[in-house]
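Numbering (the numbering used here), first residue to last: 12 to 354.
Virtual Cβ for every residue (Gly too), placed ideally from N, Cα, C.
Please read the structure below before turning to the comments.
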C-alpha cells in the first residue's frame, strides 16, 4: 500500500484534505543535482541507464516532497524503438536525420517487441519503485501519437510543425498508417509499464494545439482514445493536450481519470467545458515561477480555490523551465502542502 495516496485518491475523485501536487518535468534540468549527472552523461544515456533514470526521478522528491514522482525518460524513446533514429543535439533538441515523409519511408517503421527495445525503461521503473519504498505513487508517461508523428515527420522541433501537417493533409493514408503504428507501440509500452509497477500513466499531447478542432479529432484525439480504452481498466490515465481547451468536452467523456489543463484556460472554463465531474490537473503558467515566492504562494492558493480542492491535482500548465530558482519551485509545492480550504 502506498503511504501517501493523495494523488491516487484525487484521480478517483475522492474527497481529500488538500489537493496533491507534482510538476511536469520535475525530474530534471532545473535541479543542480541533475546538472551534475548531465555533465557526465549524454541525454539518451541518462534515459537508457536505469540507475541514472531512477536517481533523477527521485531527486526532486528528496528535495521537495511532491505527492507523486514521474519517471525520468523521454517521449522519443518510442520512435527509437520503432526503428526511427533519434538524437538529442545540444542547442537544437530532438534531431531525426531520416524523417518519415512517404509511404516508402513507412516500410522501415516497426511495431517492436517492447521488452527487447525498451526493457531499460521497465528496469528503471523497478529501481525507482524500490527507492520510493511505497511512500508515493510513480507516474509513467508517453507522448500522444500525433505529438510523436510531429517529430518523426518534421525531423526536429518546430514552431508550427508545417512539414508534419503537410504530410497529414497531402498523404492522409500514410499519416494514419504511421499514427496507428505509434498507437499500437504506445499501448504495448504503457501496458509493460503497468506490469513493471507504475501507479498511473499520462499521455502528453504537447503539439495537439497545432491542429484545428476538426483536424484534432482526425489526427490526434481518436488515437489517444484508443490508448485510454486499452488502459483505463488497468490503471488511471491522465490525458494532457497543450492548447486543446476546445477538446475538453470530448476528453471528459473518454474514460480518462483526469485531464491536464494549460494556463490559457481558466479553472472556471475548464470545469464548465468538462461538465464539472472529472478530475482536472494544472494549470499554473510555468513562467510565473519567476514571480517572488510570496506571490507564487498567493497565486497557487487562488488557483486551488478556483478549481476547488477535490477532483483536482495541482501542477503547472506545462513543464518547469530550466532556469527557475529553487526557492520558487519550493514555494509552489509548499503553498499546496500548507493549503487550508476556505471555511
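Cβ neighbour criterion (16 or more within 10 Å) applied to residue 290: Label assigned to residue 290: buried.
Closest residue to residue 214 among 129, 158, 285 and 183 (Cα-Cα distance): Closest in alpha carbon position to residue 214, among 129, 158, 285 and 183, is 158.
For residue 150, the residue or residues it bridges with in DSSP: 81 and 211, per the DSSP bridge assignment.
Within this structure, are the beta carbons of residue 251 and residue 266 separated by less than 8 Å? No.
Once DSSP output is grouped into helix, strand and coil, what is the label at residue 12? Residue state, collapsed to three classes: coil.
Inter-residue Cα distance where the pair is residue 194 and residue 119: Residue 194 and residue 119 have their alpha carbons spaced roughly 16 Å apart.
Taking Cβ positions only, does residue 42 come closer than 8 Å to chain D? No chain D is part of this structure, which consists of one protein chain only.
Opening and closing residue of the beta strand (DSSP E) in which residue 99 lies: Note, residue 99: beta strand (DSSP E), 98–100.
Considering only residues of the region 232–299, which uninterrupted beta strand (DSSP E) runs meet the minimum length of 3 residues and lie entirely inside it, listed in chain order? As summarised for the region 232–299, the continuous beta strand (DSSP E) elements at least 3 residues long and confined to that stretch are 248–252, 269–272 and 290–295, given in chain order.
Is DSSP giving residue 327 helix, strand or coil here? Reduced to three states, the DSSP call for residue 327 is strand.
In this structure, what does DSSP give as the bridge partners for residue 361? The structure shown does not extend to residue 361, since the chain spans only 12 to 354, so no value can be given for it.
According to DSSP, residues forming a beta bridge with residue 216: The partner list for residue 216 (beta bridge, DSSP) reads 252.
In the DSSP assignment, find the unbroken alpha helix (DSSP H) run with residue 87 in it and report its ends. First-last for residue 87: undefined, no H or E at that position.
Near residue 199, which residues of its chain fall below 7 Å by C-beta distance, leaving aside the five closest residues on each side in sequence? The answer, listed in chain order, is 125.
Cβ distance (whole Å) where residue 190 is taken to contact residue 135 below 8 Å: In this structure residue 190 is not in contact with residue 135, their Cβ atoms being roughly 27 Å apart against a cut-off of 8 Å.
Taking the beta carbon of residue 51 as the centre, do at least 16 other beta carbons fall within 10 Å, making it buried, or is it exposed? Residue 51 counts as exposed, since fewer than 16 other C-beta atoms from the protein chains shown sit within 10 angstroms of its C-beta.
Which residues in the same chain as residue 293 place their Cβ atom closer than 6 Å to its Cβ, once the five residues preceding and following it in sequence are excluded? Shown here for residue 293: same chain residues with a beta carbon closer than 6 Å to its own, the five before and five after excluded, namely 271, 272, 326 and 328 in chain order.
According to the Cβ coordinates, are residue 146 and residue 14 closer than 8 Å? In contact: residue 146 and residue 14 (Cβ atoms closer than 8 Å).
Is the beta carbon of residue 253 sitting closer than 8 Å to the one on residue 219? Taking 8 Å as the Cβ cut-off, residue 253 and residue 219 qualify as a contacting pair.
Are there 16 or more other CB atoms within 10 angstroms of the CB of residue 29, so buried, or fewer, so exposed? Per the 10 Å Cβ criterion, buried.
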